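Worksheet for the structure shown next.
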Amino acid sequence: MRLVSHVLLLVLMLASHHAAAVVETYEFANAVDQRRYQALIEELRCPKCQNQNLAGSDAPIAEDLRNEVYRLINSGSSDQEILQYMLDRYGDFVLYRPRFTLETLALWLGPGVLVLLGLGIWWRLSRADSKALAAQSLSADEQKNLDDLLEQQGGD
Amino acid sequence: MARLKLFIPLIIFIALALLFFGVETRVSDGEYDPKELPSARIGKAFPDFALPGLLSGDTVTPSLFQGKVSIVNVWATWCPTCLYEHPFLVDLARRGEVSVFGINYKDSSDKARRWLLDKGNPFEVNIVDSAGKLGLDLGVTGAPETFVVDRQGVIHMRYQGGLDEAIWQARFVPLITRLKSEAGQ
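Just so you know, the sequences run in chain order P and Y. Numbering of the first sequence is given in the numbering used here, commencing with residue 204 and proceeding in unit increments. Numbering of the second sequence is given in the numbering used here, commencing with residue 5 and proceeding in unit increments.
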């Protein structure tokens, strides 16, 4: 039962950013353009906000940029051209998946480096543990002494 | 050696505490703003425009910036921080260190003219950008923002937020002095 409620909570949390999306009435020529618009405003980040996409932000600048995306789609620009248009004005910040450049290198490779570092530390520690275990095992003589002692105890 | 290892968490804690304290001090001193966005327009020519001037109504273009080191201030009457920085701009224009231009961003021109009449006009020319199109081309995210433009019309800096004397001295004066010394005044 608890598991069910936890799963439900997780689903609701994941769904919430869609629920927060701003509702605007733009008319599109076809369903494909509508989907492109939706995908672009999900992908583009509001430059005034720290962590909201264009779809989720009430900021005036987000409204302007949504309007601009709509205008560019209707004027026949490709997705790539629209992203480049935004990039020219607002830089890599505007993309939730920034391009792979020298400046964004740490952003892309950082997590991988940290995982490797963690694995390295884990490997070192587990090796130290097994060494310590090996050092604790008894030599043949010691084992014999121990067995004798145990036998004496058992004999009493 | 083993004893020394015991201190590793403490050492990490102290290092992080010093780091956070340093960053926090710089934030509160206004030297570093984590929300500041690097402008994609630095080092590029001022975007092309042909828009009316606020007072004259004549069409103005980027040729406005040719031959002088200038600042271009994006402002509007609906923006509270613009009200805060206005007296500084008036003072700056009076000192004549740089040419001061304005972009009246997504505003009513009537209200803007009244504002300049009431509070003084620091701007040589005000570019009327009522649709916000020039603002968009500049990568403006709100008002006020201030751009530094060199004699060739290339953007060298963008500052987001209200200006005052301390910020001017710390952030603008070194750059403007350098731009002025390049190729003589």
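Virtual Cβ for every residue (Gly too), placed ideally from N, Cα, C. All of these numbers come straight from a predicted model, not from anything done at the bench.
Contact defined as beta carbons within less than 8 Å: I believe residue i pairs with residue j. What is the distance between those atoms, to the nearest angstrom?
i	j	result
SER112(Y)	LYS72(Y)	In fact, because the Cβ distance is near 29 Å, the residues do not count as touching under 8 Å.
VAL94(Y)	PRO126(Y)	5 Å
PHE296(P)	LEU41(Y)	6 Å
ILE131(Y)	GLY57(Y)	7 Å
LYS251(P)	THR145(Y)	4 Å
ARG238(P)	ILE276(P)	About 10 Å separates the two Cβ atoms, so there is no contact after all.
ALA44(Y)	TYR293(P)	6 Å
VAL153(Y)	ILE107(Y)	The Cβ separation is near 12 Å, so there is no contact.
ASP133(Y)	LEU68(Y)	ASP133(Y) to LEU68(Y), Cβ: 13 Å. No contact.
Determine the extent of the beta strand (DSSP E) in which residue i is found, giving its start and end residues.
i	result
ASP133(Y)	130-133
GLN237(P)	Counting along the chain, GLN237(P) falls outside any beta strand (DSSP E), though it belongs to the alpha helix (DSSP H) covering 234-246.
Return the bridge partner residues of residue i from the DSSP annotation.
i	result
TRP79(Y)	ASN108(Y)
LEU290(P)	LEU290(P) pairs with nothing; no bridge assigned.
GLU345(P)	The partner list for GLU345(P) (beta bridge, DSSP) is empty, contrary to what the question assumes.
PRO56(Y)	THR63(Y)
GLN164(Y)	GLU149(Y)
VAL297(P)	VAL297(P) pairs with nothing; no bridge assigned.
ASN270(P)	Note: ASN270(P) sits in no beta bridge, so no partner.
SER281(P)	Beta-bridge pairing links SER281(P) to no other residue.
VAL158(Y)	ALA49(Y)
SER74(Y)	SER103(Y) and VAL153(Y)
ASN256(P)	ARG248(P)
Roughly how many angstroms separate the alpha carbons of residue i and residue j, rounded to a whole number?
i	j	result
ASP236(P)	THR228(P)	14 Å
ILE171(Y)	LEU179(Y)	12 Å
ALA262(P)	TRP326(P)	48 Å
ARG155(Y)	ILE264(P)	30 Å
VAL286(P)	SER280(P)	The question names Val, yet the displayed sequence has Leu at residue 286(P). Distance between the alpha carbons of LEU286(P) and SER280(P): 10 Å.
ILE244(P)	ARG300(P)	13 Å
LEU362(P)	LYS39(Y)	Any answer about residue 362(P) is impossible in this case: the structure gives chain P only from 204 up to 359.
LEU298(P)	GLU246(P)	7 Å
GLY313(P)	ASN254(P)	20 Å
ALA222(P)	ALA337(P)	Only weak support is given to the placement of ALA222(P): the predicted model assigns it a pLDDT of 48, under 50, and the value that follows is read from those uncertain coordinates. Straight-line Cα distance between these residues: approximately 57 Å.
ILE15(Y)	HIS209(P)	38 Å
VAL177(Y)	GLU149(Y)	17 Å
ARG87(Y)	ALA147(Y)	Residue 87(Y) is actually Leu in this sequence, not Arg. Taking the straight line from one Cα to the other gives about 11 Å.
LEU120(Y)	LEU22(Y)	47 Å
GLY315(P)	ALA80(Y)	46 Å
LEU308(P)	GLY321(P)	20 Å
ARG162(Y)	VAL76(Y)	9 Å
VAL31(Y)	ARG117(Y)	36 Å
GLU186(Y)	GLU101(Y)	15 Å
Hey, could you find the ends of the alpha helix (DSSP H) residue i is sitting in?
i	result
THR85(Y)	84-99
VAL27(Y)	12-32
THR150(Y)	First-last for THR150(Y): 149-153, but that is the beta strand (DSSP E), not the alpha helix (DSSP H).
ILE46(Y)	First-last for ILE46(Y): undefined, no H or E at that position.
ALA262(P)	Element bounds for ALA262(P): n/a, residue is neither H nor E.
ALA331(P)	308-339
LEU140(Y)	137-142
PRO178(Y)	177-185
ASP37(Y)	Unbroken run through ASP37(Y): none, as it is neither H nor E.
ARG302(P)	It is not in any alpha helix (DSSP H) - ARG302(P) carries neither H nor E in the DSSP assignment.
TRP119(Y)	113-123
Shortest alpha-carbon distance to residue i belongs to which of the options?
i	options	result
GLY34(Y)	ILE15(Y), ALA174(Y) and THR181(Y)	ALA174(Y)
ARG248(P)	LEU308(P), LEU290(P) and ILE276(P)	LEU290(P)
LEU142(Y)	ALA6(Y), LYS48(Y), ALA19(Y) and GLY26(Y)	LYS48(Y)
GLU89(Y)	GLN164(Y), VAL129(Y), ILE12(Y) and PRO13(Y)	GLN164(Y)
GLU128(Y)	ALA54(Y), SER74(Y) and LEU20(Y)	SER74(Y)
GLN241(P)	ALA232(P), ALA338(P), LYS251(P) and TYR273(P)	TYR273(P)
PHE50(Y)	SER32(Y), VAL31(Y) and GLN70(Y)	GLN70(Y)
LEU268(P)	LEU138(Y), VAL153(Y), LEU8(Y) and PHE151(Y)	LEU138(Y)
LYS115(Y)	SER185(Y), LEU167(Y), CYS83(Y) and GLY136(Y)	CYS83(Y)
PHE231(P)	GLY259(P), GLY294(P), ARG330(P) and ASN270(P)	ASN270(P)
LEU96(Y)	ASP168(Y), PHE11(Y) and ASP37(Y)	ASP168(Y)
THR65(Y)	PHE105(Y), ASP122(Y), ASP37(Y) and GLU186(Y)	PHE105(Y)
Anything in the segment 136-155 of chain Y with a Cβ closer than 7 Å to a Cβ of chain C? List those residues in chain order, please.
Protein chains in the displayed structure are P and Y, and chain C is not among them.
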